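Undergrad:
Residue numbers (the numbering used here): 22 to 159.
(1) Would you mind reading off the limits of the alpha helix (DSSP H) that contains residue 68?
(2) Less than 8 Å between the beta carbons of residue 149 and residue 137, yes or no?
(3) Helix, strand or coil: which one does DSSP assign to residue 100?
(4) Verify whether the separation of the beta carbon atoms of residue 88 and residue 77 is less than 8 Å.
(5) Determine the burial state of residue 54: buried for a count of at least 16 other Cβ atoms within 10 Å of its Cβ, exposed for fewer.
(6) Among 113, 115 and 156, which has the Cα closest to the Cα of residue 134?
(7) May I have the straight-line CA-CA distance separating residue 105 from residue 113, to the nearest angstrom?
(8) Within 10 angstroms of the Cβ of residue 95, are there 16 or more other Cβ atoms? Answer buried if so, exposed if not.
(9) Write down the C-beta distance between residue 62 and residue 143 rounded to the nearest angstrom, noting that I regard them as a contact closer than 8 Å.
(10) On the CB-based measure, 16 or more other CB atoms within 10 Å of its CB, does residue 92 come out buried or exposed?
(11) With residue 141 as the anchor, note down where its beta strand (DSSP E) starts and where it stops.
(12) Residues in the same chain with beta-carbon distance under 8 Å from residue 103, minus the five sequence neighbours each way, listed in chain order, please.
(13) Since residue 158 and residue 117 are thought to touch, with beta carbons under 8 Å apart, how far apart are those beta carbons, to the nearest angstrom?
(14) I believe residue 17 touches residue 127 by the beta-carbon criterion, under 8 Å. Please report the beta-carbon distance rounded to the nearest angstrom.
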């Protein structure tokens, strides 16, 4: 009789034990999935921010090129092509991205330029990135 009891105790797990194991596994799996989803959203937002910064950098490079090709017409050559407080047409690579050009004083030398970029992230939130620089003809 002693051997039958030992064999019967090692026969397997009960339904309750299996269910508890599955519940623990599901909780851990759910927490891991939530962490990965949050990480993906944060990483995508950072990639968007980098792309928007590159778009602004491209506009500033164009402004420097205009300055270099028209040295006697500074800052007018820049402010004529990109007027103060206007949107840059065709700029932007992200969802609903717009870039606005602002000057502290459009006639100043050095010319203080601010680019305000706005776009939407995966969750539909509007994000803003501001890039500033100073250009001079000297």
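All C-beta atoms in this analysis are idealised placements derived from N, C-alpha and C, irrespective of residue type, glycine included.
The model shown is predicted, which means the values in this text are computed figures rather than measured ones.
TA: Let's see:
(1) 36-90
(2) For residue 149 and residue 137, yes; Cβs fall inside 8 Å.
(3) Note: residue 100 maps to helix in three-state DSSP.
(4) No. Outside cutoff.
(5) exposed
(6) 156
(7) 18 Å
(8) buried
(9) That pair is a contact at about 6 Å.
(10) Label assigned to residue 92: exposed.
(11) Counting along the chain, the beta strand (DSSP E) containing residue 141 begins and ends at 132-141.
(12) 80, 84, 109 and 122
(13) 35 Å between Cβ atoms; not a contact.
(14) Lying before the first or after the last residue shown, residue 17 is absent from the chain, which here runs from 22 to 159.
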